[in-house]
Amino acid sequence: IDSAPTPQQRAAIASLINACLAPEHLATPHPLLPTLPPSTLSPLLEQEIARHASNQPFTGGIDTSRYETLSAPTSTDPADHYSTLQKAYASSTYLNTRNQNLALLEQFGKNAWLVGNAQLEDILRSMERELVDVRGQIEEVNKLRKSEQEGVRGEMEGLESAWKKGVRGVVETEIAAEGLRLETLRQRREGAGR
């Protein structure tokens, strides 16, 4: 087996290779290479590539501020304090779970850590199933409510129509009574004027 080339030999080899290559070999593809198909990237991916090419920092994604230390709100509004407590609870739960996972990883190795993650995934799946069940129940209640509303629609429309007719009758009666009162007043004036 040959020994590794010395740095001088490597430099000589590199200069011989570079002498055989065209000066633009790094900028233009070889003529035998097929042309690349046109880009079908989504606008979001193109925007991300442009951001990366211009060395801009990443913005968005996961909001890490929810895992930072929280300070007490300056206002005395209980809603602000409640919101801060909720955020603190989420942060504490995340950090406790993270510490448990790291402790399992350190104490028992990768397999126990993976088992812990699998258990968390099982909990997540059961909660997702429960969410689907609750959404199904909500949908069922809404369908039942709508069908009951549709069932009494005729009765409600009849009651509304009867109410409108009743109101119209009261108004017409008041108009007729006012007309009679005015007629009575007119006749009294005529009788008093004779």
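Note that the UniProt record's numbering has the sequence shown beginning at 1, numbered continuously upward.
Every residue, glycine too, gets a C-beta built ideally from N, C-alpha and C.
{"Item": "Quick one: which unbroken alpha helix (DSSP H) runs of 4-plus residues sit fully inside the region 86 to 164? Chain order, please.", "Value": "110 to 151"}
{"Item": "Where does the unbroken alpha helix (DSSP H) through I62 begin, and where does it stop?", "Value": "Where I62 is concerned, there is no enclosing alpha helix (DSSP H), given that its DSSP letter is neither H nor E."}
{"Item": "Closest to N117 by CA distance: which of D133, T74, N99 is it?", "Value": "N99"}
{"Item": "Alpha carbon to alpha carbon, how far is L44 from N96?", "Value": "35 Å"}
{"Item": "Using DSSP with H/G/I as helix, E/B as strand and the rest coil, what is H52?", "Value": "helix"}
{"Item": "Between S91 and G151, what straight-line distance do the alpha-carbon atoms span, to the nearest angstrom?", "Value": "50 Å"}
{"Item": "Contact check, A72 vs T84 under 8 Å by CB: the rounded distance?", "Value": "7 Å"}
{"Item": "Taking the straight line between their C-alpha atoms, what separation do you get for S42 and L120?", "Value": "34 Å"}
{"Item": "Do A88 and L114 have their C-beta atoms within less than 7 Å of each other?", "Value": "no"}
{"Item": "Throw me the rounded Cβ distance for the P5 and I13 pair, which I believe falls under 8 Å.", "Value": "7 Å"}
{"Item": "In whole angstroms, what separates the C-alpha of Q86 from that of Q47?", "Value": "35 Å"}
{"Item": "Rounded to the nearest angstrom, what separates D190 and V171 at their Cα positions?", "Value": "The sequence shown places Glu at residue 190, not Asp. Answer to the nearest angstrom: the Cα atoms are 29 Å apart."}
{"Item": "Assign A22 to one of three DSSP states: helix, strand, or coil.", "Value": "coil"}
{"Item": "Using the Cα positions of Q9 and T28, report the straight-line distance between them to the nearest angstrom.", "Value": "28 Å"}
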